[in-house]
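The next block holds one structure in the form of structure tokens; read it before the comments.
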Amino acid sequence: MSPTIAKQLASSGLSLPADTYIYSLARTTSLCAAISSDDSLRYFDPTNLSLVHTVSKAHQGITCLKATSDGKGLVTAGRDGTVRCWDERGKSAGLQMTDPRGAGISALACRDTLIAAGTESTKEGLGDVSVLLWDTRNASKPLQAYVESHNDTVTQVAFHPTQQQTLLSGATDGLVSIFDTTISDEDDALVQVLNHYGAVHCAGFLNAEEVYAVSTDEQLSVYTLSKPTDAEDATLPVTAFGDVREQLKSSYVVDLFPNSPSAYIATGDTSSSRLTLVPLNPSWSFDMSGTMDFPGAHGDEIVRDFLIDNHNQRVITCGEDGQVRLWAQEAQSQPAEADAMEVDGRKKKRKDKKKDRFKPY
Numbered sequence: 001m002s003p004t005i006a007k008q009l010a011s012s013g014l015s016l017p018a019d020t021y022i023y024s025l026a027r028t029t030s031l032c033a034a035i036s037s038d039d040s041l042r043y044f045d046p047t048n049l050s051l052v053h054t055v056s057k058a059h060q061g062i063t064c065l066k067a068t069s070d071g072k073g074l075v076t077a078g079r080d081g082t083v084r085c086w087d088e089r090g091k092s093a094g095l096q097m098t099d100p101r102g103a104g105i106s107a108l109a110c111r112d113t114l115i116a117a118g119t120e121s122t123k124e125g126l127g128d129v130s131v132l133l134w135d136t137r138n139a140s141k142p143l144q145a146y147v148e149s150h151n152d153t154v155t156q157v158a159f160h161p162t163q164q165q166t167l168l169s170g171a172t173d174g175l176v177s178i179f180d181t182t183i184s185d186e187d188d189a190l191v192q193v194l195n196h197y198g199a200v201h202c203a204g205f206l207n208a209e210e211v212y213a214v215s216t217d218e219q220l221s222v223y224t225l226s227k228p229t230d231a232e233d234a235t236l237p238v239t240a241f242g243d244v245r246e247q248l249k250s251s252y253v254v255d256l257f258p259n260s261p262s263a264y265i266a267t268g269d270t271s272s273s274r275l276t277l278v279p280l281n282p283s284w285s286f287d288m289s290g291t292m293d294f295p296g297a298h299g300d301e302i303v304r305d306f307l308i309d310n311h312n313q314r315v316i317t318c319g320e321d322g323q324v325r326l327w328a329q330e331a332q333s334q335p336a337e338a339d340a341m342e343v344d345g346r347k348k349k350r351k352d353k354k355k356d357r358f359k360p361y
């Protein structure tokens, strides 16, 4: 079965300087946002990618961008050791949190009034790296600080989908840690440790009972979360895919995205300038019959983030080519004679057409 093809509807450089990478995307109620290597936070229209406004120097060394749970704001972090909250209409941060040790922030997650962060390693030994939790209602200092569970840069933090107190962290030390954040004592708070045997590039919850991890050498595994009733030495099921590059004909993994009752994986291939979305079955095997290709992607540059805009039923991608790109399934896209719009000084105007629902598979 041939893959579904996505068509590019628009692209934009968001008025960024030349040779700028775009790192990450987030969606608020009405706008999208991107962070980039010039340390800016840029808001843009998700329907046509036109730039709305820019926060120049949002951080010194910006690293992370997330939308708040209610979709009304954004949270960013940087190597300056700060976490900042932004209203989508404002150009100044409304709330700021700081790592007490001043370490750079390398991972970020939001859930209601809680913000979690992980820090970069400065190679100072045990206690060098932190997993931090703030409550925005009293953000003067962290609610919890776990400083002994990782010994290298934290690359991922994520909240459990239904248990707000459960927090995941993954790091380049190869470990994925699960914390009960209602507990301050770190030994007691650390309820499960998963050894991925490779520096963790991305990790997260697939559902209430399973988590995934992808290493920097593209090794993918799905792990089962332990339960309080499990014996301490219980062997829990693991689905190990190994290196997925050959299986998926790709050169790197962008990330996995939960999509109940399973998930899908976004991979890129620089040699063929292609981004591919592959669904996983609930039994955790690749469903190659449901593949969607994004031909051209971001050329021979790495795709850094992938966002499904459910409101407009489109996909937005960003990459190291300094572009954001808007996509739709080919059958749902604009007529073939209408070329992809280029905005940011090179606009091609056209009337809006009816937007059908985007279905990844």
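With UniProt numbering, letter number 330 in the sequence shown gets 330, and the count goes up by one each step, no holes. The beta carbon of each residue, even a glycine, is placed where N, CA and C say it ideally should be.
Legend entry - Spatial distance of V129 from R111 (CA atoms): Residue 129 sits at position 129 when you count from the first residue of the sequence shown. Residue 111 sits at position 111 when you count from the first residue of the sequence shown. If I take the Cα positions, the gap works out to 22 angstroms.
Inset, instruction - Return yes when the Cβ of P46 is within less than 8 angstroms of the Cβ of L65, no when it is not. - result: Working through the sequence shown from its first residue, we reach residue 65 at position 65. Working through the sequence shown from its first residue, we reach residue 46 at position 46. Taking 8 angstroms as the Cβ cut-off, L65 and P46 do not qualify as a contacting pair.
Inset, instruction - Would you kindly work out how many angstroms separate the C-alpha atoms of H298 and D230, rounded to a whole number? - result: On the sequence shown, residue 298 is found 298 positions in, with the first residue counted as 1. On the sequence shown, residue 230 is found 230 positions in, with the first residue counted as 1. The alpha-carbon atoms of H298 and D230 are separated by roughly 46 angstroms.
Legend entry - DSSP-derived helix/strand/coil call for E232: Stepping through the sequence shown from its first residue, residue 232 is reached at position 232. Note: E232 maps to coil in three-state DSSP.
Inset, instruction - Pick out whichever of A158, Y252, E330 has its Cα sitting closest to the Cα of residue 365. - result: In this structure the chain extends from 1 to 361, so residue 365 is not present and cannot be described.
Legend entry - Beta-carbon contacts of K351 that lie in its chain and below 6 angstroms, excluding the five residues immediately before and after: As a working note, residue 351 is residue 351 in the sequence shown. For K351, the predicted model reports a pLDDT of 34, less than 50, meaning its position is unreliable; a value from the coordinates is still stated below. Correct list: empty, nothing qualifies.
Inset, instruction - Measure the CB-CB distance between V191 and D173 and report whether it falls below 8 angstroms. - result: Here the question's residue 191 lines up with position 191 in the sequence shown. Here the question's residue 173 lines up with position 173 in the sequence shown. Against a cut-off of 8 angstroms, the Cβ pair of D173 and V191 comes out as no contact.
Inset, instruction - Under 8 angstroms by Cβ, that's how I've got I22 and R304 pegged, so tell me the actual separation to the nearest angstrom. - result: The sequence position of residue 22 within the sequence shown is 22, counting from 1. The sequence position of residue 304 within the sequence shown is 304, counting from 1. Correct: roughly 6 angstroms between the Cβ atoms.
Legend entry - CA nearest to the CA of F286, picked from S262, G296, D300: Counting from one through the sequence shown, the residue named residue 286 turns up at place 286. Of the candidates S262, G296, D300, the one whose C-alpha sits nearest the C-alpha of F286 is S262.
Legend entry - Where D217 sits in the DSSP three-state scheme: Numbered from 1 along the sequence shown, position 217 holds the residue referred to as residue 217. Residue state, collapsed to three classes: coil.
Legend entry - Pairwise C-alpha distance: L236 and Y146: Position 146 of the sequence shown, counted from the first residue, corresponds to residue 146. Position 236 of the sequence shown, counted from the first residue, corresponds to residue 236. Their Cα atoms are separated by approximately 25 angstroms.
Legend entry - Selected residue, minimal CA-CA separation from H196, among E330, G13, L220: In the sequence shown, the residue the question calls residue 196 occupies position 196. For the residues E330, G13, L220, the minimum Cα distance to H196 belongs to L220.
Legend entry - Proximity winner among N138, S260, A107, relative to Q96 (alpha-carbon distances): Position 96 of the sequence shown, counting from 1, holds the residue named residue 96. The option with the nearest alpha carbon to Q96 is N138.
Inset, instruction - Determine the direct distance from the alpha carbon of L225 to that of P100, and round the result to whole angstroms. - result: Here residue 100 corresponds to residue number 100 of the sequence shown, with the count starting at 1. Here residue 225 corresponds to residue number 225 of the sequence shown, with the count starting at 1. Between P100 and L225, the C-alpha separation is close to 31 angstroms.
Inset, instruction - Tell me whether the beta-carbon of L108 lies closer than 8 angstroms to the beta-carbon of V157. - result: For the purposes of this step, residue 108 is identified with residue 108 of the sequence shown, where counting begins at 1. For the purposes of this step, residue 157 is identified with residue 157 of the sequence shown, where counting begins at 1. Yes, Cβ-Cβ distance for L108 and V157 is below 8 angstroms.
Inset, instruction - Within the same chain, show all residues whose beta-carbon is closer than 8 angstroms to that of V238, passing over the 5 residues directly before and after it, in chain order. - result: Residue 238 sits at position 238 when you count from the first residue of the sequence shown. Excluding residues within five positions, the ones whose Cβ falls inside 8 angstroms are S221, V222, Y223, T224.
Inset, instruction - Return the Cβ separation of G319 and G13 in integer angstroms, given the expectation that the two are a contact with Cβ distance under 8 angstroms. - result: As a first step, residue 319 is located in the sequence shown; it is residue number 319 there, counting from the start. As a first step, residue 13 is located in the sequence shown; it is residue number 13 there, counting from the start. G319 to G13, Cβ: 11 angstroms. No contact.
Legend entry - Residue range of the alpha helix (DSSP H) that includes V244: Working through the sequence shown from its first residue, we reach residue 244 at position 244. Residues 244 to 247.
Inset, instruction - Return the chain-ordered list of same chain residues with a C-beta closer than 7 angstroms to the C-beta of V200, the five sequence neighbours on each side being excluded. - result: Position 200 of the sequence shown, counted from the first residue, corresponds to residue 200. Excluding sequence neighbours, V200 sits near T155, Q156, G170, A171, T172, G174, V176, A213, S215.
Inset, instruction - Check whether the Cβ atoms of R79 and G61 lie closer than 8 angstroms to each other. - result: For this step, residue 79 is matched to residue 79 along the sequence shown. For this step, residue 61 is matched to residue 61 along the sequence shown. The answer is yes: Cβ separation under 8 angstroms.
Legend entry - Proximal residues to G118 (C-beta, below 6 angstroms), its chain only, five neighbours per side dropped: In the sequence shown, residue 118 corresponds to position 118, counting from 1. The residues are S106, A107, V131, V154, V157, S169.
Inset, instruction - From the DSSP output, in three-state form, read off R89 for me. - result: In the sequence shown, counting from the first residue as 1, residue 89 sits at position 89. Coil, per DSSP.
Inset, instruction - Please report the residue range of the beta strand (DSSP E) in which D321 lies. - result: Translated into positions along the sequence shown, residue 321 becomes position 321. No beta strand (DSSP E) contains D321, which DSSP labels as neither H nor E.
Inset, instruction - Would you kindly work out how many angstroms separate the C-alpha atoms of E186 and S260, rounded to a whole number? - result: The sequence position of residue 186 within the sequence shown is 186, counting from 1. The sequence position of residue 260 within the sequence shown is 260, counting from 1. Taking the straight line joining both Cα atoms gives about 32 angstroms.
Legend entry - residue 365, buried or exposed, once every other Cβ within 10 Å from all chains shown has been counted against 16: Past the boundaries of the shown model lies residue 365; the chain is included only from 1 to 361, so the question cannot be answered.
Legend entry - Inter-residue Cα distance where the pair is residue 363 and T4: Residue 363 lies beyond the residue range present for the chain, which begins at 1 and ends at 361; the question has no answer from this structure.
Inset, instruction - Would you identify the three-state DSSP class for G78, choosing helix, strand or coil? - result: Counted from its first residue, the sequence shown places residue 78 at position 78. The answer is strand: DSSP assigns G78 an E or B state.
Legend entry - Run of the alpha helix (DSSP H) containing D188, from where it starts to where it stops: As a working mapping, residue 188 is identified with position 188 in the sequence shown. Start and end: 186 to 189.
Inset, instruction - Count the other C-beta atoms from every protein chain shown that fall within 10 angstroms of the C-beta of A77, then say buried if there are 16 or more, exposed otherwise. - result: On the sequence shown, position 77 is the one that residue 77 refers to. By the 10 Å Cβ count, A77 comes out buried.
Inset, instruction - Give the C-beta separation of L25 and A34 to the nearest angstrom, bearing in mind that I take them to be a contact with Cβ-Cβ under 8 angstroms. - result: The count along the sequence shown starts at 1 and reaches residue 25 at position 25. The count along the sequence shown starts at 1 and reaches residue 34 at position 34. Confirmed, about 5 angstroms.
Inset, instruction - Apply the 10 Å Cβ neighbour rule to E232 and answer buried if 16 or more other Cβ atoms are within range, or exposed otherwise. - result: For the purposes of this step, residue 232 is identified with residue 232 of the sequence shown, where counting begins at 1. The residue is exposed, with fewer than 16 neighbouring Cβ atoms inside 10 Å.
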